[in-house]
Amino acid sequence: MSRTRIVKGKITEVIEKDYNIFSESDIIDNAAEIVGEKGEKSGLSYGKPDVPPPSTTLINSIVEFRTKQDGSYTGEFGFDWLRIDDLGATNEKAYVDCIEGGYELPNGRDRNTEYESKAEAFRALETQYLQLPIRRTSSPTTTKYYVPWLNLYPESVTVASTSVVKPSCEAELRVLVDVENEEPDQIRLVFDKNYFTIDGKDGTDANPVLVTDKAIGTKRDTGQIIKIKCINEFARRQEILVYGYPKNSLSKPLAEQLVLRKVIGKIVLEPNKNSPAAGKTAAVKNRKNLNVVLVSVIVNINGSPSSGVFDAGFASGETAIFQKGLYQALIETNLIKRFASRSGTTVNATLDLSAVPLFKIHKDSRGNPIDSTYINSSGNIKSGNALLVELKRRFHILTANKYVNDFIVFSFDETCPHPSDPTLVINGFAEATHAGTRLIFKKSAALFKTRRDTTLPHECMHGLGLFHTHKDGAINNPDQNFVFAHARTNANSATDNIMSYRQDRSTTWHWQWKILKRNIR
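To convert, take the position in the sequence shown, counting from 1, and add 1002; that gives the numbering used here.
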């Protein structure tokens, strides 16, 4: 393809930054009078040509990454990928078919704060992901490659952790490949060896990381699992790029190979290094820490004392799921289960309310049981924000306000009926207050004996600012970014996000990571 342009006048270009021209052949300037080139600071320089940046339009080959779906991935690391139609290679349903709406910034013409359609909501969801353009004849309607987000801890943090559930410096991902017309010579992953290894390799020419299945064919799971390991922390966003080397390109000189190769896949990793303040530069906390006090509440409602517990029964493993869920956002948790008593001895974290009348069944003049402030006539806990306010007040008095800035979780061995339908129970709830029409969560939660292992992480993430992934009512808070199908009415279209009501839920999204970290000092 060639082009000739004739201009009967002057051409002036003003460029604020660099101006780069690449040619696979010659660059020749001709003038009837003078050819002039000036460099104000350093004059002119000569040398070997740089390699042009690779094309970012995906045409022949596409490589995508997904979490393992054999049950071995249970949320150990943060990996947010926009669910699309993977032609049977993935169990998750495409988000375009699941999304229901979300928060839309008012346009100034009305007070509406919700997307008018599912299509509008999905277009907004797409913007939460970096994208590469796709141009293919076999699937002309597929025009976007959504780059997944990955969070990993540096190896040093994993090694130093004393937690039973350690933050992960590794991620195992499935490799999906789609090759349209021509099998490439090679599909190779390229990354910074100072920060990562993949499958134990540094990715250099001597130790390249290759995708083994490069045959022509529609999208499929190759069966290949790659293990990405973060060996050092980094302060700037990093990329793992996948390059396709076209047919017969490997027989050419290296410099020409670098020109011919094309980007056919990508993963982006968020910074995981904390930097102290320096001069006028503020400190940067890409990794955060959260103290969580796990308090067993003792009550004696009707002559028989009971104490709440953690990690027992159907809730076995709840703290591990909670820790892994926050690791996805690069948040470490310090679980506090014992503390110093007033006498100086270390005791279990308990709040003994067994002698407090507010937490007992009361009786009327005829001896019939009636509600007290926090206990109903059947001997169950009454739900409500006031309960958590009272629990925190008593706990902070007991501990001399030592944990006033920490997240407090109270566990009961009682049930808590739903206030609007006594035939239903509440497994737990987080403290929240209203500011006008908006709901604002606070760092405390109550859990009850009917809960399951995902209740604690679900309620604690409420307390850190996350809303349900389904719609509960009017959407008027900017943090209600997107809502999807409700698991109770459409389980097949509900997401596996921790903030959903689906039974199997273990993931979080990139935009949720920002909210969680924002609400931790």
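Just so you know, even glycine gets a beta-carbon here, dropped at the ideal spot from N, CA and C.
Could you please give me the residues that DSSP links to residue i through a beta bridge?
i: residue 1372; result: 1364
i: residue 1151; result: 1082 and 1270
i: residue 1277; result: 1286
i: residue 969; result: The requested residue 969 is not part of the displayed model; the chain covers only 1003 to 1523.
i: residue 955; result: For the chain, the structure presents residues 1003 to 1523; residue 955 sits outside this window and is missing.
i: residue 1229; result: 1174
i: residue 1222; result: 1179
i: residue 1116; result: 1105
i: residue 1265; result: 1245
i: residue 1470; result: Beta-bridge pairing links residue 1470 to no other residue.
i: residue 1060; result: 1136
i: residue 1420; result: 1423
i: residue 1212; result: 1190
i: residue 1168; result: None, per the DSSP bridge assignment.
i: residue 1240; result: 1271
i: residue 1499; result: 1509
i: residue 1377; result: 1383
i: residue 1203; result: 1200
i: residue 1146; result: 1135
Among the candidates the options, whose CA atom is the shortest distance from the CA of residue i?
i: residue 1286; options: 1405, 1187, 1260 and 1236; result: 1236
i: residue 1081; options: 1103, 1208 and 1332; result: 1332
i: residue 1267; options: 1318, 1192 and 1273; result: 1192
i: residue 1479; options: 1469, 1486 and 1487; result: 1469
i: residue 1410; options: 1298, 1059, 1305 and 1423; result: 1298
i: residue 1308; options: 1197, 1416, 1510 and 1209; result: 1416
i: residue 1292; options: 1199, 1179 and 1408; result: 1408
i: residue 1466; options: 1451, 1445, 1485 and 1449; result: 1445
i: residue 1155; options: 1074, 1426, 1326 and 1496; result: 1326
i: residue 1061; options: 1399, 1145 and 1420; result: 1145
i: residue 1473; options: 1428, 1503 and 1089; result: 1503
i: residue 1253; options: 1501, 1186, 1196 and 1244; result: 1186
i: residue 1201; options: 1233, 1343, 1500 and 1491; result: 1233
i: residue 1262; options: 1500, 1270, 1247 and 1269; result: 1247
i: residue 1463; options: 1227, 1430 and 1229; result: 1430
i: residue 1498; options: 1039, 1356 and 1094; result: 1094
i: residue 1419; options: 1385, 1443, 1397 and 1441; result: 1385
i: residue 1223; options: 1249, 1177, 1214 and 1217; result: 1177
i: residue 1381; options: 1387, 1414 and 1399; result: 1414
i: residue 1334; options: 1142, 1129, 1133 and 1168; result: 1168
i: residue 1071; options: 1239, 1405, 1225 and 1439; result: 1225
i: residue 1435; options: 1486, 1388 and 1510; result: 1388
i: residue 1264; options: 1272, 1245, 1460 and 1270; result: 1245
i: residue 1370; options: 1358, 1501 and 1304; result: 1304
i: residue 1197; options: 1238, 1346 and 1500; result: 1238
i: residue 1113; options: 1311, 1085, 1509 and 1439; result: 1439
If you follow the alpha helix (DSSP H) that residue i is part of, which residue opens it and which one closes it?
i: residue 1316; result: Run containing residue 1316: none; DSSP gives neither H nor E here.
i: residue 1259; result: 1256-1262
i: residue 1159; result: 1157-1162
i: residue 1391; result: 1387-1400
i: residue 1518; result: 1512-1520
Check for me: the beta strand (DSSP E) holding residue i runs from which residue to which?
i: residue 1505; result: No beta strand (DSSP E) contains residue 1505, which DSSP labels as neither H nor E.
i: residue 1176; result: 1172-1181
i: residue 1413; result: 1409-1413
i: residue 1198; result: 1198-1200
i: residue 1089; result: Looking at the DSSP string, residue 1089 is not in any beta strand (DSSP E), and its letter there is neither H nor E.
i: residue 1133; result: 1133-1135
i: residue 1484; result: 1484-1486
Would you check whether the ligand GTP has a heavy atom nearer than 7 Å to the C-beta of residue i?
i: residue 1425; result: The ligand GTP is absent from the structure shown, which contains no ligands of any kind.
Would you mind listing the beta strand (DSSP E) stretches within the region 1427-1457 that are 3+ residues and don't spill past its ends, in chain order?
-> Runs found: 1430-1437 and 1440-1449.
Just checking, does the region 1173-1190 make contact with the region 1072-1089 on the three C-beta pairs under 8 Å criterion? yes
Original post:
What are the complete beta strand (DSSP E) segments, minimum 3 residues, inside the region 1283-1355?
Top reply: Counting only runs of 3 or more, we get 1290-1301, 1333-1338, 1340-1342, 1348-1350 and 1352-1354.
Next on the checklist: Three or more C-beta pairs under 8 Å: does that hold for the region 1061-1069 against the region 1311-1318?
Outcome noted: With a cut-off of 8 Å on Cβ pairs, the region 1061-1069 is not in contact with the region 1311-1318, counting fewer than three such pairs.
Exercise. Using 8 Å as the threshold, is the region 1098-1106 in touch with the region 1470-1477, meaning 3 or more CB pairs across them?
Worked result: yes
Do the region 1175-1190 and the region 1208-1216 meet, that is, are 3 or more Cβ pairs less than 8 Å apart? yes
Practice prompt. Decide if the region 1121-1134 is in contact with the region 1244-1259; the criterion is three or more beta carbon pairs, one per stretch, under 8 Å apart.
Written response: no
Please determine if the region 1374-1391 and the region 1354-1364 are in contact, where contact requires at least 3 C-beta pairs separated by less than 8 Å. yes
Is the region 1270-1277 in contact with the region 1379-1393, if contact means three or more CB pairs nearer than 8 Å? no
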